[in-house]
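Step one of this worksheet: look at the structure below.
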Amino acid sequence: MQDPIGFLRYQRVEAGKQFARARIRHWHEYEQIMPVRQASVQAQRCMDCGTPHCHRYCPVHNLIPDWNSLINEEDWYSAWLQLESTNNFPEFTGRICNAPCEDACTLSIGSQPVTIRSIELAIVERAWQSGWIKPQPARRKLFKRVAIIGSGPAGLACAQQLARAGYRVSVYEKSNRAGGLLRYGIPDFRLNKSVLERRLAQLHAEGVRFRCGVHVGYDLDFAALLRNQHAVVLACGAEQPRTLAVRGMSLHGIHFAMDYLTQQNRRVAGDFLSHEIAIDAGSKQVVVIGGGDTGGDCIGTAIRQGARQVTQIQYHDRPPDHVDKLQYWPQPVPEWHANDHDVEGCQHVWGYDTVAFTGQGGAVDGVVLQKLRWVKSADGRWQKQRLPGQLRHLPVQLVLLALGYAHPTHAGLLEQLSAGFDARGNIATSEDGFMTGRHGVFACGDARRGQSLVVWAIREGRQCAAAVDRWLSGNSQLPTV
Ligand SMILES: Cc1cc2nc3c(=O)[nH]c(=O)nc-3n(C[C@H](O)[C@H](O)[C@H](O)COP(=O)(O)OP(=O)(O)OC[C@H]3O[C@@H](n4cnc5c(N)ncnc54)[C@H](O)[C@@H]3O)c2cc1C
Ligand code: SF4
Numbered sequence: 491m492q493d494p495i496g497f498l499r500y501q502r503v504e505a506g507k508q509f510a511r512a513r514i515r516h517w518h519e520y521e522q523i524m525p526v527r528q529a530s531v532q533a534q535r536c537m538d539c540g541t542p543h544c545h546r547y548c549p550v551h552n553l554i555p556d557w558n559s560l561i562n563e564e565d566w567y568s569a570w571l572q573l574e575s576t577n578n579f580p581e582f583t584g585r586i587c588n589a590p591c592e593d594a595c596t597l598s599i600g601s602q603p604v605t606i607r608s609i610e611l612a613i614v615e616r617a618w619q620s621g622w623i624k625p626q627p628a629r630r631k632l633f634k635r636v637a638i639i640g641s642g643p644a645g646l647a648c649a650q651q652l653a654r655a656g657y658r659v660s661v662y663e664k665s666n667r668a669g670g671l672l673r674y675g676i677p678d679f680r681l682n683k684s685v686l687e688r689r690l691a692q693l694h695a696e697g698v699r700f701r702c703g704v705h706v707g708y709d710l711d712f713a714a715l716l717r718n719q720h721a722v723v724l725a726c727g728a729e730q731p732r733t734l735a736v737r738g739m740s741l742h743g744i745h746f747a748m749d750y751l752t753q754q755n756r757r758v759a760g761d762f763l764s765h766e767i768a769i770d771a772g773s774k775q776v777v778v779i780g781g782g783d784t785g786g787d788c789i790g791t792a793i794r795q796g797a798r799q800v801t802q803i804q805y806h807d808r809p810p811d812h813v814d815k816l817q818y819w820p821q822p823v824p825e826w827h828a829n830d831h832d833v834e835g836c837q838h839v840w841g842y843d844t845v846a847f848t849g850q851g852g853a854v855d856g857v858v859l860q861k862l863r864w865v866k867s868a869d870g871r872w873q874k875q876r877l878p879g880q881l882r883h884l885p886v887q888l889v890l891l892a893l894g895y896a897h898p899t900h901a902g903l904l905e906q907l908s909a910g911f912d913a914r915g916n917i918a919t920s921e922d923g924f925m926t927g928r929h930g931v932f933a934c935g936d937a938r939r940g941q942s943l944v945v946w947a948i949r950e951g952r953q954c955a956a957a958v959d960r961w962l963s964g965n966s967q968l969p970t971v
């Protein structure tokens, strides 16, 4: 039973983070896990609304008011059962979800939202510590085989659901380790890789076979794979980065964000990287072009590598300090908040376009920026206009492009199987399911949806598993969210 006035009695208190000056000296996670006692108190702030928008706006529809109520009653085990019924990997979302649920929390209108993400993490970590999370192998094995291409959160969620339903599941991954962007995109200071290993061990014990270092479409012919499988799921992510078409792009020292982040994740994992290919921000003036999680991870990584200065360039204006929340709620409110990397020393240039890079001896030494004005066109869309003469020049020795991802890579696998694409270049699937134009070939995650979030990838993986199960067995007991 919820405390009816808990939201008046208690203030929002966050889980806590290590101080910036200390955390930039290492690669470990710096956000703390909320202690059990604190999580119980924070859960009492939940108003248990008649219409829980948090639940609706969580892509996997986590039963948030229910677990808040259960941990309030000290029934952590039941809270865990609720949580795992909707989310295969709450230890990932509990750490790195952008938490649309908190934007939609009713309390956020006049106060601060419930600390939903931290409570989720507290529940799942308590479950791991208490030994409640065990492999759940299928009681009855089916003879049907499913291959999943890609081991990011979409592929892993799909694999786990299908293995638990009895299918013989193999996950093919082109990298040398499983995990997708959880492994080589998101840095250890936000998601320690031991958290991923722990979950992969569970999948392994449930019968999922991992074939790492196999690039389907190159090392393995797709037609040959399909001949040996009853169904194939494409969970190969959206890996095609957006780029800039400006003067000086071929200068040495300009890199895509993922090339940079992958290297650092490999270094932390103990892999050897030769000096010739190493991208290192140490003692350099670094410019990160673009925002989002990718931009943030580049900034945090450059700061930890010992960059002299890190500046983020974004083409939109700085968000206002305050807006009328009711105009936006339950969607995210576009207000300015200092983020973790601002506290660590990142600087910003707002409202500028990158128009050229300058260099000497083949290496980049500067970026030329031009001020933008945003105007609404006749059809109501915002358009950028460069303001003549308003140029800036920043000295730079390393440029990281974090401009987002256009769609999955078409060359190789997707061209081989003639999958069919939607207008944005993502894999097209049937409207009522996840099947592509090829019989028995399904798609899920960023490859189908376009670049998105981990929690959406988990949802897609779960829904796709149910679609595969329905197609192979005629019906399915697997949950559809
Ligand atoms: C730097 C960065 C930071 C991010 N931070 C966050 C965050 O904080 N919170 C959040 O919610 N989301 C974040 N995201 C987004 C999130 O990581 C993705 O939405 C999510 O990982 C998509 O999952 P997926 O399984 O569809 O694809 P991916 O995670 O991209 O996995 C696809 C996998 O398929 C493999 N693959 C591709 N082609 C083949 C092939 N032909 N053969 C074999 N294997 C293949 C790839 O190697 C990869 O491992 C971030 C993204 C990036 C790039
Ligand atoms: S998965 Fe994300 S949106 Fe859902 S409850 Fe957790 S933090 Fe909120």
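Residues 491 to 971 (the numbering used here) are what the sequence shown spells out, left to right. Cβ atoms here follow ideal geometry from the backbone N, Cα and C, with glycine treated the same way.
To which residues of the same chain is residue i closer than 6 Å at the C-beta, ignoring the five residues directly before and after it?
i           : result
residue 754 : 791
residue 692 : 625
residue 936 : 727, 728, 942
residue 852 : 742
residue 732 : 893, 894, 896
residue 923 : 957
residue 656 : 628, 630, 631, 632
residue 951 : 644, 647, 648, 934
residue 822 : 593
When DSSP builds the beta bridges, which residues end up paired with residue i?
i           : result
residue 803 : 779, 839
residue 662 : 639, 701
residue 745 : 890
residue 885 : 856
residue 897 : 730
residue 861 : 842
residue 683 : In DSSP, residue 683 forms no bridge with anything.
residue 521 : 507
residue 872 : 866
Between residue i and residue j, how many whole angstroms is the CB-CB distance? I'm expecting something under 8 Å.
i           : j           : result
residue 518 : residue 712 : Not confirmed; about 40 Å, so no contact.
residue 567 : residue 622 : 6 Å
residue 788 : residue 747 : 5 Å
residue 573 : residue 588 : Wrong, their Cβ atoms sit about 18 Å apart, outside the cutoff.
residue 720 : residue 635 : 6 Å
If we ignore side chains and look at the alpha-carbon of each, how far apart do residue i and residue j end up?
i           : j           : result
residue 642 : residue 495 : 41 Å
residue 949 : residue 580 : 12 Å
residue 953 : residue 722 : 15 Å
residue 862 : residue 883 : 15 Å
residue 834 : residue 594 : 28 Å
residue 498 : residue 801 : 40 Å
residue 735 : residue 837 : 25 Å
residue 830 : residue 771 : 19 Å
residue 970 : residue 932 : 15 Å
residue 649 : residue 682 : 22 Å
residue 667 : residue 761 : 11 Å
residue 715 : residue 934 : 18 Å
residue 638 : residue 591 : 30 Å
residue 912 : residue 653 : 30 Å
residue 513 : residue 793 : 10 Å
residue 824 : residue 806 : 12 Å
residue 547 : residue 645 : 22 Å
residue 839 : residue 945 : 30 Å
Spatial neighbours of residue i within its chain, please: C-beta separation below 8 Å, excluding the five flanking residues on both sides.
i           : result
residue 599 : 815, 816, 819
residue 492 : 534, 536, 537, 538, 555, 558, 559, 562
residue 532 : 500, 502, 503, 524, 604, 605, 608, 609
residue 545 : 551, 552, 553, 554, 555, 591
residue 872 : 864, 865, 866
residue 782 : 892, 894
Answer yes or no: the CB of residue i versus the heavy atoms of ligand 3, is any distance below 7 Å?
i           : result
residue 748 : Ligands displayed in this structure: ligand 1 and ligand 2; ligand 3 is not among them.
Excluding the 5 residues flanking residue i on each side, which residues of the same chain have their C-beta closer than 7 Å to its C-beta?
i           : result
residue 763 : 753, 756, 757
residue 584 : 607, 610, 611, 614
residue 876 : 843, 860, 862
residue 774 : 797, 798, 887, 888
residue 596 : 537, 539, 543
Is there at least one Cβ from chain D nearer than 8 Å to residue i's Cβ?
i           : result
residue 781 : Reference to chain D is not applicable here, since this structure consists of a single protein chain.
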